Amino acid sequence: MKYRAPLLLTLLVLVPVLLLGMLGYRLQQQEQQLVGLQLQKLIEQQLVSVDQLLQGHFQQLERLLRQRAAELHRLADPAYPSDRLRQFVKDSAYVRQLFLLDESGERLFPPPAGPLSRAEQHLVDRLQPLWRSPELFQPAGPDPETAAAPVLAGNDYLASGQLSRRAPQELAADRSSAFEAPALPGAPAAEPAAPRASGWIAWYVDAGLMHIYWWRDPQGRTLGFVLNEARLLSDLINRLPDSGEGSGQLGNAEIRLLNGRGDLLYVWGAFRGDGAALRSQGLSHPLGSWHLEYHAPGLQGETLDWFGMVVPLLLLAAGLAGLGYMLYREHGRELRLAQQRVNFVNQVSHELKTPLTNLRLYTEMLQDRLATEEVDSGVQRYLEVLTGESQRLSRLIDNVLSFARVQRRQLHIRTETGNPDEQIERILQTFAPLLLQRGIDLSFDAGIGRPLRYDPGVLEQILNNLLGNCEKYAPDSGLLKLRSWLDGSALCVEVQDRGPGIDAGERQRIFEPFYRSSNRLTDGVAGTGIGLGLARELARVHGGDLTLEPCERGACFLVRLEIQA
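Note that numbering that gives the first Met the number 0 has the sequence shown beginning at 0, numbered continuously upward.
Dropping the structure here:
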């Protein structure tokens, strides 16, 4: 009890601060996550733009090669001349080798029967498994398929990757001058032929990657252009920003271009550091084995702004602590005032009890003496009023003192041996004149009939409060019945009247301190509202209880007191 108020005030300060701190921490975490997602989205957009830039090169290269394939087809009469094909390879800066397959997939060039150069023989050795897979030279759907490369038995060929192909994409309207190549000798000038079946193949062989563009002529023959990988890489790098220029766009970051083996091909940006990439994204076909990596320091989001979060919380805690301290002081002042009032009431009650006891004593002595003499009836009535009111005031003072002891946890039981039935008879004799004036007859069924060890003061004070309530709230009710009995080790007394009873909604509230079921002045009922609550506390201190029992009419209270052997 002593530390309850400081503890509650401490919780009043700490709980809101902790809740707001957790909320602020979660909000900052969510903001960091949002910033991280936005950064990842921006990084992804940058990498996608690089991929689209490289795809633009392949689109223009595809357009050029399709035009050259159409020119070679016009030279065929009906076969493709080998010297023209060799001359094309010799003059082209983009094509390292060329092959030709008939409609059944058999090789026409390099010539199967003719003498081959070292480069042509090397091409045959590396592409023989590809030519034996004619299904790879079919137009693909929107999503390119991939398949494992077949292995040629008895050859040093090593399939270390995958095959991919795709359908041709629509080319841009304009063509870069970087792809201008001299026309073939004797070839008529013509516009590019309408797009036919064609596509790209990324062929892995001997731990290397070959990019092949194939085109099928109207007779079903397939022309394959094996690109010059060094020139292709050079052209792709030329399309990317310079290392120095990229820093202006990326800031303190860099983008790395890596091949399928993880070898660094090119890098641009100002950041120079090791560690895992913030994001890695594969390129589109035919560069599907290559990927881009984005490196930068601390792009996951800045650290939490602890200063901006802690300072407001400290100010809030200081404000709440100041408010709590003021409330604590005010609460302590109110408690001290309340304690002073209670102490004053207790002191006054103690001071009143002594003269009141003397007043009762001499009033009862006078009443007993006048009872043997002939006196005026008015005098006798006055004495009865004095006796009744002094008894009522004595019970009120006893309630106040007992209630104060209950509040201070200082109420103790003082047991002695006595006959409960005889004590109940004496209490009823005390109340009988007053109850008769209120139109209430008494009936007592004594069921114990032997001495017991209990606290007579507790039983008397409980019955005084119950009988006093009957006198106040059940006047003219006719009969007030009491009965006593033993239930094991419990002394039981039942008090039942025939008054208006107690509403169901008030059956528990009537035991609350200072609660009265009616406070109207017209009722003519006076009291403090502590009687029933005090009676229940007294019964519980005695090891029992005071309960309101159901009955057909009026109110029925059951007192149970635990007796000692």
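Beta carbons: idealized from backbone N, C-alpha and C, even for Gly. The structure presented is a predicted model; accordingly, all values stated were derived computationally and were not measured.
Per DSSP, residue i is paired with what?
| i | result |
| --- | --- |
| residue 548 | 555 |
| residue 491 | 484 and 559 |
| residue 97 | 224 |
| residue 509 | Note: residue 509 sits in no beta bridge, so no partner. |
| residue 439 | 477 |
| residue 266 | 255 |
| residue 204 | 207 |
| residue 453 | 415 |
| residue 367 | None; residue 367 has no bridge partner. |
Could you check what DSSP says for residue i in three-state terms: helix, strand or coil?
| i | result |
| --- | --- |
| residue 250 | coil |
| residue 130 | helix |
| residue 460 | helix |
| residue 416 | strand |
| residue 290 | strand |
| residue 5 | helix |
| residue 79 | coil |
| residue 33 | helix |
| residue 106 | strand |
| residue 210 | strand |
| residue 410 | coil |
| residue 567 | Within the shown structure, residues of the chain are numbered from 0 to 564, placing residue 567 beyond reach of any answer. |
| residue 283 | coil |
| residue 515 | coil |
| residue 216 | coil |
| residue 278 | strand |
| residue 444 | strand |
| residue 137 | coil |
| residue 337 | helix |
| residue 423 | helix |
| residue 396 | helix |
| residue 60 | helix |
| residue 497 | coil |
| residue 15 | helix |
| residue 148 | Here the model assigns residue 148 a pLDDT of 38, short of 50, so the residue's position is not dependable and the matter cannot be decided. |
| residue 10 | helix |
| residue 271 | coil |
| residue 541 | coil |
| residue 113 | coil |
Going by Cα to Cα distance, which pick from the options is closest to residue i?
| i | options | result |
| --- | --- | --- |
| residue 117 | 106, 135, 495 and 96 | 96 |
| residue 137 | 103, 113 and 281 | 103 |
| residue 422 | 85, 262, 451 and 333 | 451 |
| residue 220 | 75, 560 and 36 | 75 |
| residue 273 | 356, 264 and 252 | 252 |
| residue 280 | 14, 327 and 290 | 290 |
| residue 500 | 469, 513 and 486 | 469 |
| residue 539 | 515, 461 and 262 | 461 |
| residue 319 | 2, 19 and 415 | 19 |
| residue 383 | 357, 433 and 392 | 433 |
| residue 629 | 496, 313 and 255 | What the structure shows of the chain is the stretch from 0 to 564, and residue 629 is not part of that stretch, so it cannot be assessed. |
| residue 360 | 393, 14, 90 and 332 | 393 |
| residue 94 | 78, 323, 544 and 63 | 63 |
| residue 426 | 537, 70 and 466 | 466 |
| residue 549 | 542, 493 and 59 | 493 |
| residue 447 | 486, 477 and 413 | 486 |
| residue 217 | 113, 331, 230 and 77 | 77 |
| residue 484 | 101, 512, 135 and 418 | 418 |
| residue 204 | 271, 197 and 127 | 127 |
| residue 40 | 278, 415, 59 and 411 | 278 |
How about residue i and residue j: are their beta carbons less than 8 Å apart?
| i | j | result |
| --- | --- | --- |
| residue 439 | residue 479 | yes |
| residue 472 | residue 498 | yes |
| residue 488 | residue 562 | yes |
| residue 366 | residue 429 | no |
| residue 249 | residue 269 | yes |
| residue 226 | residue 210 | yes |
| residue 537 | residue 457 | yes |
| residue 213 | residue 65 | no |
| residue 238 | residue 92 | no |
I want to check one thing, is the minimum distance from the CB of residue i to the heavy atoms of the ligand SAM below 7 Å?
| i | result |
| --- | --- |
| residue 444 | Here there are no bound small molecules, and the ligand SAM is not part of this structure. |
Rounded C-beta distance between residue i and residue j? I'm assuming under 8 Å.
| i | j | result |
| --- | --- | --- |
| residue 259 | residue 288 | 3 Å |
| residue 292 | residue 257 | 6 Å |
| residue 491 | residue 557 | 7 Å |
| residue 386 | residue 371 | With 8 Å as the limit, residue 386 and residue 371 do not qualify as a contact, their Cβ atoms being about 17 Å apart. |
| residue 109 | residue 122 | 7 Å |
| residue 106 | residue 98 | 7 Å |
| residue 327 | residue 8 | 5 Å |
| residue 68 | residue 222 | 5 Å |
| residue 83 | residue 71 | 7 Å |
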